[in-house]
Structures are given as C-alpha cells and as structure tokens.
Amino acid sequence: MSLIATDKSRVVIGLGKTGLACARYLARQGLPFFVCDTRENPPAADAFRMEFPNVPLYCGALDAERLSRCNEIILSPGVAQADPAIQQTVASGVRLSGDIDLFCAQARAPIVAITGSNAKSTVTTLVGKMAEAAGVRVQVGGNLGTPVLDLLDEQAELYVLELSSFQLETTNDLRAAAATVLNVSPDHLDRYDSMQAYYMAKHRVYRGCAVAVENRDDALTRPLLPTGVKRVEFGLGKPDLKQFGVIDHQGSSWLAKGLTPLIDSREMKIRGSHNQANALAALALGEAVGLPMEAMLEALRQFGGLEHRCQWIADRCERSWFNDSKGTNVGATLAALNGLGNTLEAGARILLIAGGEGKGQRFDELNAPMSAYGRALILIGRDGPQIAAAVGSVEHHYAADMKQAVELAASYGQPGDVVLLSPACASFDMFTGYPARGQAFVDAVEGLRCD
200 MSLIATDKSR VVIGLGKTGL ACARYLARQG LPFFVCDTRE NPPAADAFRM
250 EFPNVPLYCG ALDAERLSRC NEIILSPGVA QADPAIQQTV ASGVRLSGDI
300 DLFCAQARAP IVAITGSNAK STVTTLVGKM AEAAGVRVQV GGNLGTPVLD
350 LLDEQAELYV LELSSFQLET TNDLRAAAAT VLNVSPDHLD RYDSMQAYYM
400 AKHRVYRGCA VAVENRDDAL TRPLLPTGVK RVEFGLGKPD LKQFGVIDHQ
450 GSSWLAKGLT PLIDSREMKI RGSHNQANAL AALALGEAVG LPMEAMLEAL
500 RQFGGLEHRC QWIADRCERS WFNDSKGTNV GATLAALNGL GNTLEAGARI
550 LLIAGGEGKG QRFDELNAPM SAYGRALILI GRDGPQIAAA VGSVEHHYAA
600 DMKQAVELAA SYGQPGDVVL LSPACASFDM FTGYPARGQA FVDAVEGLRC
650 D
C-alpha cells in the first residue's frame, strides 16, 4: 500500500467491522493513519496485519500521547467517548468523527437516515424495498449490517441508512434528505449517563435534514428544528391533512394519508399495530424522497418482515409462536406486547419469554401490557428475577434454558394463545448474540412435542 504525503494524520480507534471499513477507505484515499484497539487481541488483528502490513496497530489501553500525534480521531461506534485518553485528546483540539462523516463527504445521492430505540432495521429494510420496487438504484446499510463506507457507489441514486445512537455521537454533518427518530425508550443506559444524553445522541440525526419525519405518538421524537425544515408526522390515530395515520374504512383499519385510504392493514404480511406504525414511517420517508406511492404500497404488500423481529414462526400445539429476539430493551418488548395484544382473538392471552442482561433498565413498564394481555411470564437469564420483581400482574416461571422456556410456555398456555419471545434484554449472558437466541427459540418450537 502506498500513501500520498499529507500534513494530516488520523487514528482509527476500534478494529471491528466499522474500523476495518474506515481503514480500507483511508487507504483508498491515500491518507496516512494508524489503528488502536482497547482489546489486547482484537479478533480482526491478524486479518488487518495481512491487509495493511505497513500500518501500525496498537492494542491495549489507549495512550493520550500517541493519540495527540494525529489531527483526527475516527471512532468506531463500539468505543465509548468517555475513555480518558480520548477525552484528553479531544480537549486539546483534535477533531472527533466517525465513519458517517467520512461517508457523507463522498456520497452524492440523497440519504434517508433512520434511528430510534426500536424498529430501525425493519423500517430501513422496508424503505429499501420500496425504492427497489420503484426502480431506484438504492444502497441500504449502516448499523443494519454493511458499513456505510462499503456502500459508496457512484451509480447510487439513494442511500437508506440505519444509524445507532453510538454512530450518531460522532456524526457532525449528515444533511439527510429525510431523517427520523422512530421512537425513544430507555436503552444503553450502561453507556449513557442519563436518558437526556441518549435522547440528544438520537436527535443528531436531524442535523441539516431537509424533511423531518416524527412519530406524533412519541413526544421524544419531535425535533427542535430551524424554520424552513419540512415536518411530516406518522402515528396510529386518525391523521391530519397531508400526515400519515390509521383510519377506519370499509370495516377495517387502513393506513392513510390524511383522509385518503392507502392500504388495508389485512393486506400486510407483518402483523400488529407496531408494524402499522413502522409501515407508516416508511411511507412518509419514501414519499419525502420522491418514491411513488403505488410502488411503495406494492412493496409493503410483499414485505414479510425481518428475522428475529416479531417474526411469526409457526402455529404449533394450538399456540402461535413469535420470535422477537431482537427485542433487547423494554421499549421493543412493549411494542411487541401491545402490537400483538391488539390483535388477539377473544379469550387468548400472551405468554412472554423474557430475560437476559438488563443493561440497567427498569422493567416496571411491562406490568401494564402483561396485565392487559398476559397469561404468564417465562423468565430466562441473569436478570430474570428483576423482571419478576417488576411485573407482578401475572404468574411467572423460571427456565434454565430456551428449550425449557418453550416447554413451559406450551404447558401453561391455552389453545389460541400467543407465545412471544421478546426478552427486553441483551443476550450475552446465555448466547453469542440475539440471532443465536432467536434460533434456539425456533429450534425449540420446531422440536416441541404436542400431547
């Protein structure tokens, strides 16, 4: 690798998927850089050294003196800004940025930017499908999977990005064509000092946007914006003129813009009122960047949802089984409970499988929907007892593993009930990640013997 001469140097901190993408980008640009990782043996270290044999890699505790040699810190989202060496270096005047800023400096197509505590991946994927249905050359990624710097394409006509609060912390110049905070509920409080800090990170998505799409059912999504920025609302109630919502039409609930019905919710493959909200957000974002309504509605009819996100698995043993393993915080589980609870058949209830690493959350908010819709709580993982203490409205049972949790849910459920895996917690106390947890649930359901 040959690097051009420059008076600027950069350090990439964090050698994960994003850090590697940043390194490759800087190398393509011919810019000198070095890499630091707080871990003694980062998993990608060997691959990095093979690809970049001449680029220094420093592992272990960050050294403020070393960082001070650079003009810019490019911080991976998994690394907290609170590290003392980073704080000291930034205080000395070194610029702090992330991969999103690097991307925005190069991207020439409009950007749809999507964040929120929950449903980011669903809405991001759905907007991407809508663009494809309209014949638009679209690139979809970010926190969803593909690092943004790997999306750069001179032929792209639209970028649809899922952005986490961690990514937005270091994003200074997004300037999205359309941006949204889908919802805000407590999450990552093991990283943020307060809900206010978490909220402020999320709202960085609106900086410089042309159209702000806000959830009128969640006041914490409403941005403070300068005059001249167009605002569009979505929500589950009857909408105002030119806004998005739900109306009663022909004996059913229809998604609508103003008083104009758009699609019968029964035509959608994704179930629950929370998925109606997701669909409305996607329609508002797509319209903001000029996607034709008919193409968007056809994409919505075909969209079956994402794996591990309130995904219907099977009707087995006279119960309906849903995998929402991606529900890693209380807000996600609330959305799943209320969304499915609103569609229960008469007499049916929900058995919720929950627990794991609670990330400092409070679980009291689960009490109301479990009282309204729940039959029993099946608890797994480290912080299951915290959930039991907070949710006293239904009986609870402890399971040693996912197989036992599924068996208990089948045993305590009644014909017509819904069994929902939506843990409201991270998974790392028992699994390698939420996909492994979700797959364990699917395997247990498929192996269930119905007496």
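Be aware that the sequence shown starts at 200, since it is given in my numbering, and climbs by one per residue. Beta carbons: idealized from backbone N, C-alpha and C, even for Gly.
Please state the DSSP three-state secondary structure of residue i.
i           : result
residue 537 : helix
residue 649 : coil
residue 272 : strand
residue 550 : strand
residue 205 : With a pLDDT of only 46 at residue 205, under the threshold of 50, the placement of this residue in the model should not be trusted; the figure read from the coordinates follows. It is coil, neither helix nor strand.
residue 372 : coil
residue 343 : coil
residue 187 : With the chain running from 200 to 650 in the structure shown, residue 187 is simply not present.
residue 515 : strand
residue 379 : strand
residue 353 : coil
residue 608 : helix
residue 230 : coil
residue 413 : strand
residue 367 : helix
residue 544 : coil
residue 635 : helix
residue 338 : strand
residue 283 : helix
residue 485 : helix
residue 426 : coil
residue 530 : helix
residue 630 : coil
residue 408 : coil
residue 603 : helix
residue 216 : helix
residue 278 : coil
residue 200 : Here residue 200 scores only 35 on pLDDT, less than 50, and its place in the model is too uncertain to base an answer on.
residue 302 : helix
residue 642 : helix
residue 223 : helix
residue 563 : helix
residue 490 : coil
residue 419 : helix
Pull the bridge partners of residue i from the DSSP assignment, please.
i           : result
residue 195 : Nothing can be reported for residue 195, as the shown portion of the chain is limited to 200 through 650.
residue 296 : 273
residue 258 : 236
residue 683 : This structure cannot speak to residue 683, because the chain is shown only from 200 to 650.
residue 211 : 234, 273
residue 625 : 556
Taking the alpha carbon of residue i as the point to measure from, which residue in the options has its own alpha carbon closest?
i           : options            : result
residue 585 : 595, 562, 606      : 562
residue 587 : 554, 602, 604, 617 : 554
residue 400 : 420, 610, 410, 482 : 420
residue 279 : 297, 613, 251      : 297
residue 677 : 315, 251, 647, 256 : Outside the displayed span of the chain (200 to 650) sits residue 677, for which this structure offers no information.
residue 412 : 370, 394, 439, 479 : 479
residue 600 : 618, 575, 640      : 640
residue 247 : 259, 234, 238, 548 : 234
residue 571 : 582, 539, 242, 308 : 539
residue 357 : 381, 331, 501, 379 : 331
residue 315 : 343, 500, 327      : 343
residue 605 : 534, 590, 577      : 577
residue 195 : 224, 257, 346, 274 : Examination of residue 195 is not possible in this model, given that the chain is present from 200 through 650 alone.
residue 442 : 383, 285, 484      : 484
residue 462 : 471, 434, 493      : 493
residue 402 : 439, 384, 434, 364 : 364
residue 545 : 614, 527, 317      : 614
Just reading off the beta strand (DSSP E) that residue i is part of, what are its end residues?
i           : result
residue 594 : 594-597
residue 312 : 310-314
residue 361 : 357-361
residue 326 : From DSSP, residue 326 is part of no beta strand (DSSP E) but of the alpha helix (DSSP H) over 319-332.
residue 619 : 617-620
Taking residue i as part of the alpha helix (DSSP H), name the residues at either end of that continuous run.
i           : result
residue 247 : 244-250
residue 396 : 394-402
residue 265 : 263-266
So is the beta-carbon of residue i under 6 Å away from any non-hydrogen atom of the ligand ADP?
i           : result
residue 620 : In terms of ligand content, the structure shown is empty, and the ligand ADP therefore cannot be addressed.
Q: Would you list, in sequence order, the uninterrupted beta strand (DSSP E) runs of no fewer than 3 residues that lie entirely inside the stretch 565-592?
A: 573-578
**Q.** Segments of 3+ residues assigned as beta strand (DSSP E) that fall wholly inside the stretch 441-479
**A.** 443-448, 451-456, 459-463
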